[in-house]
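For the sequence shown, position 115 matches number 1505 in our numbering, and the numbering has no gaps at all.
All residues carry an ideal CB built from backbone N, CA and C; glycine is no exception.
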Amino acid sequence: MDAQELRAADDAASSTTPGGFMRSRTVIAAAMLLAVTACGSGGRAEPSSTVTVTRTVAPTAASTQPSPDVFALGEVWEFASKESVSGDESFQGTAVVLAYEQGFSSAGSASEEAGEAGYEWAYAEVKVCVGNGVFLDADTTWILYYSDGSRIERSSSAYADFPKPAYPSEVSVTAGKCARGKIAYPVPSDKRPKSVLYAPPGLKKPVEWTVPEA
């Protein structure tokens, strides 16, 4: 091998070694970054003050259900279904309890409806929106839950002076639309419910929104 060939071989070796080392470091760094990302994704994300809190479950009997979530008023629950074997259309949407108020006045008597003294009127304001498909809902799917295990369903009355707008007794919510309104309940005047439960057909475990103390 002459001097020119030796210089060429030497140049090739020197250019290969640093380049190969840099590529190795790049691959190792990328692998470490992937490992950190994968580990981090398994943790619970801390939402910033500008992030809307949402959680996702699927209200279908055939789908896997996570443990029931408990939300604060105003937090949004996302839901979705898969197309069934019968060909029913799939749907996707959100539900939320916006407010709970107790002690409003009405011409009708809450104690009379409850069948005992010491009752007053309360309402929960709720909202359901659908992104795609069609979702059927009713005011009977929203129930007040108390710490002693008792539950109160919506009023069987519909007095003209109940808070408006009233949530529909039955509603078919289509893609891009929402249903929002207030549901009245006859409740004991000396205590407040622990939460508002949402239990539409097909959901194995109700979704729950905590009612704050007065």
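- The C-beta separation of residue 1519 from residue 1484 comes to about 5 Å, placing the pair in contact by the 8 Å criterion.
- No Cβ-Cβ contact shorter than 8 Å links residue 1578 with residue 1490.
- Inclusion of residue 1524 and residue 1499 in the CB contact set at 8 Å is not warranted, their separation being larger than that value.
- Closest by C-alpha distance to residue 1461, out of 1488, 1598, 1602, 1603, is 1598.
- Residue range 1560 to 1564 is occupied by the beta strand (DSSP E) that includes residue 1562.
- Annotation for residue 1585: the continuous beta strand (DSSP E) segment containing it runs 1585 to 1588.
- Residue 1506 sits exposed, since fewer than 16 C-beta atoms from the chains shown fall within 10 Å of its C-beta.
- The criterion of a C-beta distance shorter than 8 Å is not satisfied by residue 1504 and residue 1549.
- The beta carbon of residue 1573 is closer than 7 Å to those of 1513, 1514, 1516, 1529, 1532, 1544, 1557 in its chain, skipping five residues each way along the sequence.
- In summary, residue 1583 is buried, with 16 or more beta-carbon neighbours lying within 10 Å of its beta-carbon over all protein chains present.
- Between residue 1486 and residue 1511, the gap from beta carbon to beta carbon reaches 8 Å or more.
- Pairing residue 1488 with residue 1521 gives a Cβ-Cβ distance that is not under 8 Å.
- Inclusion of residue 1534 and residue 1575 in the CB contact set at 8 Å is warranted, their separation being smaller than that value.
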